Amino acid sequence: MSPERYSRQTLLKEIGEEGQRKISAARAVVIGCGALGTHAASLLARAGVGRILIVDRDRVELSNLQRQTLFSEQDIGEPKASTAERMLKRVNSVIEITSTMTDVRADSVENLVDGATVVVDGTDNMETRFVVNDACVKLGIPWVYGGAVGTSGMVFPIVPTGPCLRCIFPTLPPTGQLPTCNTVGIVNSLPTVVASLEVTEALKVMLGQDTTPELLIIDVWHGDLQKIRVKRNPDCESCGKHHYYAYDR
Ligand SMILES: [Zn+2]
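Letter by letter, the sequence shown follows residues 17 to 265 in the numbering used here.
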């Protein structure tokens with residue numbers, strides 16, 4: 017690898033040459049390639065993550081272009097996953113980038129995340145996040161939850177020794193109860209911030225550094241940042257009782 021490509025991050029004491037070798041040896045899986053996923057995949061590819069898998073079931077729509085930065089008008093109607101892969105291969109041709117147009121469900125998720133150093137959440141619904149959470153808890157794979165709607169978003173890093181997403185959200189909310197980008201909209205500067213925080217946590221995982229079990233809640237419009245400490249729930253259906261995929265519909 018050319019030392020110049022990553023020179024600005026190997027200068028960082030948080031990463032360095034040794035850290036760059038770890039990033040190059042890592043495998044990241046990005047589940048969902050919408051606003052969060054395009055930003056996350058882009059940052060991961062530019063950082064030199066050795067192997068990246070992009071998973072998404074959808075095709076590019078005109079309303080995506082406001083915030084999904086890997087797509088252009090020419091891509092409308094094309095699968096998001098392969099379009100993002102093609103774009104990012106132009107950014108970094110020395111790493112392995114693959115993609116799959118797949119619906120993430122209980123029967124497909126383990127194959128997708130198996131062997132990952134870290135999984136990054138780019139999904140837009142809690143049902144898929146619960147599936148990803150359970151697969152990662154079951155297989156002992158770190159993953160980073162991220163969500164963004166309206167002007168506010170959340171980020172939470174999940175590692176095998178700490179609390180999981182279902183320690184925070186024990187049950188799946190009924191379909192249609194939570195606000196989504198389709199119902200309340202989203203300011204396009206928000207996913208950039210949320211995905212950046214997610215990737216920062218994912219880099220820490222790849223570098224073997226500790227993450228903090230804190231739920232970060234950010235509102236970009238009002239400039240608010242809250243941190244809520246999360247404890248492991250011994251009665252958690254996922255990391256406590258190991259009842260995986262019980263809610264999958
Ligand atoms: Zn849990």
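Beta carbons: idealized from backbone N, C-alpha and C, even for Gly. Just so it is clear, the structure is predicted and the values come from calculations on it, not from any experiment.
Under DSSP, ILE202 takes part in a beta bridge, and its partners are GLY166. Here the distance from the Cβ of CYS152 to the nearest heavy atom of ligand 1 is not below 6 angstroms.
Our two residues, ALA61 and ASN127, have alpha carbons roughly 22 angstroms apart in a direct line. In its chain, beyond the 5 residues on either side, GLY93, GLU94, PRO95, LYS96 have a beta carbon closer than 7 angstroms to the beta carbon of ARG75. Along the length of the stretch 101–164, whole alpha helix (DSSP H) runs at least 4 residues long occupy 125–129, 142–155, reported in chain order. Following the DSSP letters along the chain, one finds ALA44 inside the beta strand (DSSP E) bounded by residues 43–47. MET222 sits close to ILE39, with the two beta carbons spaced by under 7 angstroms.
For ARG245, the enclosing beta strand (DSSP E) stretches over residues 240–245. Secondary structure note for ARG75: it is in no beta strand (DSSP E), with a DSSP letter that is neither H nor E. Pairing GLU214 with VAL136 gives a Cβ-Cβ distance under 7 angstroms. In this structure, VAL236 and VAL203 form a Cβ contact; the two beta carbons are roughly 6 angstroms apart against a cut-off of 8 angstroms. Relative to the Cα of GLU101, the nearest Cα in the group ARG21, CYS49, HIS259, PRO195 belongs to CYS49.
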